[in-house]
Amino acid sequence: MAGPLLEVQQLEKQFAVGGAWLARHRRIIRAVDGVSFALEPGETLGLVGESGCGKSTTGRLILRLIEPSAGHIRFEGRDLVALSARELWAARQRMQIVFQDPFGSLNPRMRVGSIIAEPLQIYAQADAAGRRRRTAELLEVVGLNPGFAERYPHELSGGQRQRIGIAAALALQPSLIVADEPVSALDVSIQAQVLNLLMDLRRRFGLTYLFISHDLHVVLHMSDRVAVMYLGEIVEIGSRDTIHREAKHPYTQVLLSAVPVADPAARRERIAPKGEVASPLDVPEGCRFHPRCPMAFDRCRVERPAPRDFGAGHLASCHLY
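See the structure below:
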């Protein structure tokens, strides 16, 4: 297939706050506001930002687990927003999600084998014997003994449960996986194992990832390109090395200053932003980061910056340039 595997154009999601009886006082949350990016086959794009910035909502919009308010989502050349329910059901075989909470995403009443085999049964891709064989194969792929098929989720550790979630996501041989904070609920000692597993699976099966995390250190480790989100919009996007070495947006620089560095001589000066993240119910005028930005000036307070192209796919929205 020529062109991007996934292309998102001006994606928006608005939530109304307040019921019908409070219609006069209803307010709008712009959870995702004009997000655009593309993903090439086999690429990993890291989507990073503080909690509440809209990154998980973006992932769910792409899979149409929630409906977008506006914009286009083209996957394998088809606009997902325009698909009928039946067409979308068929397209979902090719795109899957790994959730943040490996316990909450697994049915506690089902054995592990049934959880992994359920997508195969729903899409009628194998008979009972074929599903058992595929389940055993997937358990080995994610580093677990096939005997785990007889266990229940509560009998497993957090890392083992996340491996089960990954195995279930692989069952239908998808081309795109949205990994939504896949290690943030795990012990630090287990996180590296799961991250290495995801990287190995990408190489082995040619997977494409949208990797969502609040941890820029993890995103830089996992991704080919990085998109930085703040209050519903992407403020900077570029290759991993470009973001690491030549970040333009002050918010990206704040995140980078918090990334741990092994070499004491190479430590960055910590940049502390002012105040707290604004409420999405009260998004600042102009640049959304300006109330916290140490370099803000008058123009930042009244005019929303447009993305500026710095070459080689590096875009940043900031009036400093």
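So in the working numbering, spot 11 of the sequence shown is number 15, and the numbers just go up one at a time.
Cβ atoms here follow ideal geometry from the backbone N, Cα and C, with glycine treated the same way.
Residue span of the alpha helix (DSSP H) that contains residue i, given as start and end
i: H76; result: Unbroken run through H76 is the beta strand (DSSP E), 74-79; no alpha helix (DSSP H).
i: L174; result: 162-174
i: A140; result: 132-145
i: Q195; result: 192-209
i: G63; result: 59-66
i: L51; result: Element bounds for L51: not the alpha helix (DSSP H) but the beta strand (DSSP E), 48-52.
i: I120; result: 116-126
Spatial distance of residue i from residue j (CA atoms)
i: V239; j: F79; result: 23 Å
i: A251; j: Q257; result: 6 Å
i: I247; j: Q14; result: 22 Å
i: G58; j: E91; result: 27 Å
i: D204; j: R82; result: 28 Å
i: R312; j: Q125; result: 48 Å
i: H76; j: L84; result: 7 Å
i: I181; j: G46; result: 11 Å
i: Q104; j: D184; result: 6 Å
i: H323; j: L285; result: 24 Å
i: S321; j: P309; result: 5 Å
i: E307; j: E289; result: 7 Å
i: A121; j: S60; result: 26 Å
i: L319; j: R229; result: 12 Å
i: R136; j: L142; result: 10 Å
i: R332; j: C291; result: Only positions 5 to 325 of the chain appear in the structure, and residue 332 is not among them; the question remains open.
i: N200; j: R305; result: 43 Å
i: H225; j: G242; result: 14 Å
i: A262; j: C297; result: 15 Å
i: T139; j: A196; result: 24 Å
Supposed close pair residue i, residue j - CB separation, criterion 8 Å
i: Q166; j: V198; result: 6 Å
i: L43; j: S227; result: 11 Å between Cβ atoms; not a contact.
i: V102; j: A173; result: 5 Å
i: V328; j: T62; result: For residue 328 there is no data in the structure shown, the boundaries of the chain being 5 and 325.
i: A74; j: E16; result: 4 Å
i: H218; j: V39; result: 17 Å between Cβ atoms; not a contact.
i: V331; j: L259; result: Because the chain spans 5 through 325 in this model, residue 331 falls outside it and cannot be assessed.
i: F301; j: Y255; result: That belief does not hold up - the Cβ atoms of F301 and Y255 are roughly 16 Å apart, past 8 Å.
i: L220; j: V287; result: That pair is no contact at about 23 Å.
i: V146; j: A171; result: 5 Å
i: L9; j: S179; result: 6 Å
Reference residue i; option with closest CA among the options
i: I168; options: S109, S193, A130, L220; result: S109
i: D245; options: A133, L10, A316, I32; result: A316
i: L176; options: M99, E307, P264; result: M99
i: F19; options: R136, I32, L10; result: I32
i: A94; options: R34, Y127, E71; result: Y127
i: G279; options: P295, L211, A132, A133; result: P295
i: Q97; options: I119, L67, R113; result: L67
i: P331; options: G151, M114, D131; result: Lying before the first or after the last residue shown, residue 331 is absent from the chain, which here runs from 5 to 325.
Residue i: first and last residue of the uninterrupted beta strand (DSSP E) it sits in
i: I241; result: 237-243
i: S179; result: Segment: none, S179 is in no beta strand (DSSP E) and carries neither H nor E.
i: K17; result: 10-21
i: V232; result: 229-234
i: L214; result: 212-217
i: I33; result: 31-43
i: M299; result: Neither: M299 is in no beta strand (DSSP E) and is coded neither H nor E.
Evaluate the contact criterion for the region 153-162 versus the region 187-198: three or more CB pairs, one atom per stretch, below 8 Å. The answer is yes - the region 187-198 touches the region 153-162, with three or more Cβ pairs under 8 Å.
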